[in-house]
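K.L.:
There are 2 protein chains.
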Amino acid sequence: MPRYRLLLEYDGSGFVGWQRQANGRSVQATLEEAIRIFSGEAAVVEGAGRTDAGVHATGQVAHFDLARFHPPERVQAAINALVRPHPIAVLEVRVVDRSFHARLSAIERRYVYRILNRRAPPVLERGRVWHVVRPLDVVHMQEAARLLEGRHDFSSFRDAECQAASPVKTLSRLVVQRRGCVVEIRAAARSFLHHQVRNMVGTLVLVGDGRRPIAWVREVLEARDRRAAGPTAPACGLYLEAVRYPDEPLSAAGACTSVASDNP
Amino acid sequence: MPRYRLLLEYDGSGFVGWQRQANGRSVQATLEEAIRIFSGEAAVVEGAGRTDAGVHATGQVAHFDLARFHPPERVQAAINALVRPHPIAVLEVRVVDRSFHARLSAIERRYVYRILNRRAPPVLERGRVWHVVRPLDVVHMQEAARLLEGRHDFSSFRDAECQAASPVKTLSRLVVQRRGCVVEIRAAARSFLHHQVRNMVGTLVLVGDGRRPIAWVREVLEARDRRAAGPTAPACGLYLEAVRYPDEPLSAAGACTSVASDNP
Numbered sequence: 036m037p038r039y040r041l042l043l044e045y046d047g048s049g050f051v052g053w054q055r056q057a058n059g060r061s062v063q064a065t066l067e068e069a070i071r072i073f074s075g076e077a078a079v080v081e082g083a084g085r086t087d088a089g090v091h092a093t094g095q096v097a098h099f100d101l102a103r104f105h106p107p108e109r110v111q112a113a114i115n116a117l118v119r120p121h122p123i124a125v126l127e128v129r130v131v132d133r134s135f136h137a138r139l140s141a142i143e144r145r146y147v148y149r150i151l152n153r154r155a156p157p158v159l160e161r162g163r164v165w166h167v168v169r170p171l172d173v174v175h176m177q178e179a180a181r182l183l184e185g186r187h188d189f190s191s192f193r194d195a196e197c198q199a200a201s202p203v204k205t206l207s208r209l210v211v212q213r214r215g216c217v218v219e220i221r222a223a224a225r226s227f228l229h230h231q232v233r234n235m236v237g238t239l240v241l242v243g244d245g246r247r248p249i250a251w252v253r254e255v256l257e258a259r260d261r262r263a264a265g266p267t268a269p270a271c272g273l274y275l276e277a278v279r280y281p282d283e284p285l286s287a288a289g290a291c292t293s294v295a296s297d298n299p
Numbered sequence: 036m037p038r039y040r041l042l043l044e045y046d047g048s049g050f051v052g053w054q055r056q057a058n059g060r061s062v063q064a065t066l067e068e069a070i071r072i073f074s075g076e077a078a079v080v081e082g083a084g085r086t087d088a089g090v091h092a093t094g095q096v097a098h099f100d101l102a103r104f105h106p107p108e109r110v111q112a113a114i115n116a117l118v119r120p121h122p123i124a125v126l127e128v129r130v131v132d133r134s135f136h137a138r139l140s141a142i143e144r145r146y147v148y149r150i151l152n153r154r155a156p157p158v159l160e161r162g163r164v165w166h167v168v169r170p171l172d173v174v175h176m177q178e179a180a181r182l183l184e185g186r187h188d189f190s191s192f193r194d195a196e197c198q199a200a201s202p203v204k205t206l207s208r209l210v211v212q213r214r215g216c217v218v219e220i221r222a223a224a225r226s227f228l229h230h231q232v233r234n235m236v237g238t239l240v241l242v243g244d245g246r247r248p249i250a251w252v253r254e255v256l257e258a259r260d261r262r263a264a265g266p267t268a269p270a271c272g273l274y275l276e277a278v279r280y281p282d283e284p285l286s287a288a289g290a291c292t293s294v295a296s297d298n299p
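Residue numbers (my numbering), protein chains in the order written: chain B, 36 to 299; chain C, 36 to 299.
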């Protein structure tokens with residue numbers, strides 16, 4: 036029974052999130068429907084990251100099993116044709132060992148949060164960024180971000196609905212960069228609490244726009260109380276960029292796996 | 036009578052183009068309507084580049100005159116509020132000397148054409164790129180592009196409807212770069228013939244995917260016949276990125292003119 040591994044891009048705007056839900060269309064169910072139509076089999080698609088409603092992905096990883104073998108290129112073409120017009124693209128398909136599990140084998144998830152920091156509203160990036168008008172000082176934001184890196188009790192950044200067994204997580208990287216008007220915040224960890232990235236971003240923005248000092252972020256962390264932190268940043272700015280597995284290169288963001296000719 | 040200079044971003048998808056037309060909504064008319072509502076005056080907005088239907092802009096420049104003076108920040112906020120929900124954003128407003136003319140004073144226009152070069156269809160970039168599945172060799176494309184730089188008779192790349200007095204133009208720069216799956220072609224010139232950039236891109240892609248040799252591009256140029264060149268690349272991949280004026284820095288693409296704090 037072959038196991039297929041998918042690398043996925045999607046625009047999260049129109050979905051209730053990755054996970055199958057009664058109240059609307061999920062990325063997972065859309066993929067399962069396409070797989071059922073092309074293969075005649077009912078497969079369950081497991082994703083590495085259960086992204087929320089409105090959250091995008093450029094490097095989500097998922098897997099599913101089928102009784103029959105199909106060439107990976109055919110699986111890719113079939114799913115891409117059948118998910119239309121829903122904004123999901125299969126960037127790559129590989130047949131993998133049955134010991135591989137998209138969610139359980141993952142050792143790192145990487146997210147990027149994109150803020151459009153200018154007076155004018157987003158146009159070409161509408162629905163792809165959080166629009167923040169007040170000028171953000173990324174040097175201050177980066178200093179504050181450093182206080183969150185490492186192993187901590189992240190209760191202050193945890194959504195009430197979070198189902199994780201423990202609020203202790205190891206944030207391996209939190210980096211703030213400006214590219215023109217866009218401020219990008221990259222977060223990497225083995226796993227995150229529910230809304231952790233968006234709550235950290237909402238908190239860093241209060242430092243970036245000068246409403247809070249850098250050291251306030253340490254107080255927020257130590258409070259272990261969601262009410263101590265900033266607001267939850269909107270979903271539309273968040274992207275699951277890559278997932279890492281043992282003994283493998285990163286499932287890179289914007290990886291162009293079907294064009295090998297002259298990639299850097 | 037103050038003259039206002041605008042720096043503009045727009046998503047060209049829903050417009051018949053920059054220029055006012057009887058058969059649909061133009062960027063120009065949408066701006067003029069917003070200006071009339073906020074100022075009570077009927078102004079004509081002149082743009083530096085008359086972009087076609089579906090062509091985007093990240094650095095279009097335009098100007099208009101009003102009898103009354105308004106603070107530039109108020110003009111910006113008013114237009115941005117009144118053009119909604121149409122995807123136009125005023126990035127900057129300046130009051131300029133009446134010798135400035137957005138179209139006639141411009142000494143260089145810069146366009147970028149973006150190709151998504153991968154098997155999977157665009158999702159997050161839908162309507163923002165040309166999707167080309169065959170792998171493109173950007174080294175070959177760059178060599179071919181070099182043959183087009185300089186002063187030439189560009190009749191082979193000229194649309195039948197082009198109204199320019201002469202087919203001779205000076206292409207100051209034509210550069211091909213790959214960033215992951217995206218191939219970007221940047222073109223700079225004082226002015227272009229109608230569809231010149233899209234016809235050059237359609238021609239370079241035939242070299243990039245191996246259907247034509249590099250030297251063929253010289254034959255195309257020398258033929259001075261539109262039928263000798265490749266097809267017209269679709270409008271959705273093209274962006275007016277910047278316009279240059281004498282004694283001024285470039286109206287940069289993605290310029291973040293309202294946030295000065297920590298720009299590079």
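Just so you know, even glycine gets a beta-carbon here, dropped at the ideal spot from N, CA and C.
So what does DSSP say about C:Arg161, is it helix, strand or coil?
P.N.:
Residue state, collapsed to three classes: coil.
K.L.:
For chain B, check one thing: does any of its Cβ atoms lie closer than 8 angstroms to the Cβ of C:Gln111?
P.N.:
Yes, because at least one Cβ of chain B sits closer than 8 angstroms to the Cβ of C:Gln111.
K.L.:
To the nearest angstrom, how far is it from the Cα of C:Pro202 to the Cα of C:Ala250?
P.N.:
Cα-Cα distance, rounded: 22 angstroms.
K.L.:
Restricting to Cα atoms, I'd like to know which of C:Leu273, C:Arg213, C:Gly185 and C:Leu275 is closest to C:Arg253.
P.N.:
Nearest C-alpha to C:Arg253: C:Gly185.
K.L.:
Sort out for me which residues DSSP pairs B:His301 with in a bridge.
P.N.:
An answer regarding residue 301 of chain B cannot be provided, because it is not within the stretch 36 to 299 covered by chain B.
K.L.:
If contacts are defined as beta-carbon pairs under 8 angstroms, then C:Val158 and B:Ile123 qualify, I think. What distance do you get, rounded to the angstrom?
P.N.:
At roughly 6 angstroms, the Cβ-Cβ gap stays under 8 angstroms, so C:Val158 and B:Ile123 are in contact.
K.L.:
So for C:His105, helix, strand or coil by DSSP?
P.N.:
It is coil, neither helix nor strand.
K.L.:
Given 8 angstroms as the limit, is there contact between the segment 274-281 of chain C and the segment 86-102 of chain C, that is, 3 or more CB pairs closer than that?
P.N.:
Short answer: they touch.
K.L.:
In terms of residue numbering, what span does the alpha helix (DSSP H) encompassing B:His175 cover?
P.N.:
Start and end: Val173 to Arg181.
K.L.:
What residue does the beta strand (DSSP E) around C:Ala224 start on, and which one ends it?
P.N.:
That run of the beta strand (DSSP E) goes Val217 to Ala224.
K.L.:
Taking the continuous beta strand (DSSP E) assigned at B:Ser207, which residues delimit it?
P.N.:
Val203 to Arg214 is the span of the beta strand (DSSP E), which, as asked, contains B:Ser207.
K.L.:
If you draw a straight line from the C-alpha of C:Trp53 to the C-alpha of B:Trp165, how long is it?
P.N.:
Taking the straight line from one Cα to the other gives about 28 angstroms.
K.L.:
To the nearest angstrom, how far is it from the Cα of C:Ala121 to the Cα of C:Ile72?
P.N.:
The sequence shown places His at residue 121 of chain C, rather than the Ala named in the question. Straight-line Cα distance between these residues: approximately 15 angstroms.
K.L.:
Apart from the five residues just before and just after B:Asp297, which ones in its own chain have a Cβ nearer than 6 angstroms to its Cβ?
P.N.:
With a pLDDT of 36 at B:Asp297, under the threshold of 50, the predicted position of this residue should be treated as unreliable, though the coordinate-derived value follows. None.
K.L.:
Run down chain B in chain order and give the residues with a C-beta less than 7 angstroms from the C-beta of C:Asp46.
P.N.:
Within 7 angstroms Cβ-Cβ: Val158 and Leu159.
K.L.:
Got a sec: which bits of the segment 101-132 of chain C sit with their beta carbon under 7 angstroms from any beta carbon on chain B, in order along the chain?
P.N.:
The segment 101-132 of chain C vs chain B, Cβ under 7 angstroms: Gln111, Asn115, Pro122, Ile123, Ala124, Val125 and Leu126.
K.L.:
So C:Ile123 is in the beta strand (DSSP E); what residue range does that whole segment cover?
P.N.:
Per DSSP, C:Ile123 belongs to the beta strand (DSSP E) from Ile123 to Val131.
K.L.:
Taking a cut of 8 angstroms between CB atoms, which residues from the segment 135-158 of chain C lie near chain B?
P.N.:
From the segment 135-158 of chain C, only Asn152, Arg153, Arg154, Ala155, Pro156, Pro157 and Val158 have a Cβ closer than 8 angstroms to chain B.
K.L.:
Interface residues of chain B around C:Thr28 at Cβ under 8 angstroms?
P.N.:
The question about residue 28 of chain C has no answer here: the residues shown for chain C are numbered 36 through 299.
K.L.:
For the 8 angstroms Cβ check, are there 3 or more pairs between the segment 138-151 of chain C and the segment 96-114 of chain B?
P.N.:
Output reads no: the segment 96-114 of chain B does not touch the segment 138-151 of chain C.
K.L.:
Would you list the residues sitting across from C:Gln95 in a DSSP beta bridge?
P.N.:
Partner(s): C:Leu43.
K.L.:
Given a limit of 7 angstroms on CB to CB distance, which residues of the segment 209-227 of chain C reach chain B?
P.N.:
Correct list: Arg213, Gly215 and Cys216.
K.L.:
Interface residues of chain B around C:Arg163 at Cβ under 8 angstroms?
P.N.:
Leu159, listed in chain order.
K.L.:
Over what stretch of residues does the alpha helix (DSSP H) that includes C:Glu76 continue unbroken?
P.N.:
Per DSSP, C:Glu76 belongs to no alpha helix (DSSP H) and is neither H nor E.
K.L.:
Closest to B:Gly47 by C-alpha separation, out of B:Ala83, B:Val62 and B:Cys197, would be which residue?
P.N.:
With distances taken between Cα atoms, B:Gly47 lies closest to B:Val62.
K.L.:
Can you tell me whether B:Gly245 is buried or exposed? The criterion is at least 16 other CB atoms within 10 Å of its CB, across all chains shown.
P.N.:
Looking at its Cβ environment, which holds fewer than 16 other Cβ atoms inside 10 Å, B:Gly245 is exposed.
K.L.:
Go ahead and label B:Thr205 buried or exposed: buried means 16 or more other beta carbons lie within 10 angstroms of its beta carbon, across all protein chains shown.
P.N.:
B:Thr205 comes out exposed.
K.L.:
Run through the DSSP bridge pairs and tell me what C:Gln54 is partnered with.
P.N.:
BP columns for C:Gln54 are empty, so no partner.
K.L.:
Check whether the segment 212-231 of chain C and the segment 133-147 of chain C are in contact - that is, three or more C-beta pairs closer than 8 angstroms.
P.N.:
Because the criterion of three Cβ pairs below 8 angstroms is met, the segment 212-231 of chain C and the segment 133-147 of chain C touch.
K.L.:
What residue does the alpha helix (DSSP H) around B:Val242 start on, and which one ends it?
P.N.:
Segment Gln231 to Gly243, the alpha helix (DSSP H) holding B:Val242.
K.L.:
Between the segment 97-104 of chain C and the segment 181-196 of chain C, can you find at least three pairs of beta-carbon atoms closer than 8 angstroms?
P.N.:
Counting Cβ pairs under 8 angstroms, fewer than three are found: no touch.
K.L.:
Determine the DSSP secondary structure at B:Ala116, reduced to helix, strand or coil.
P.N.:
Helix at B:Ala116.
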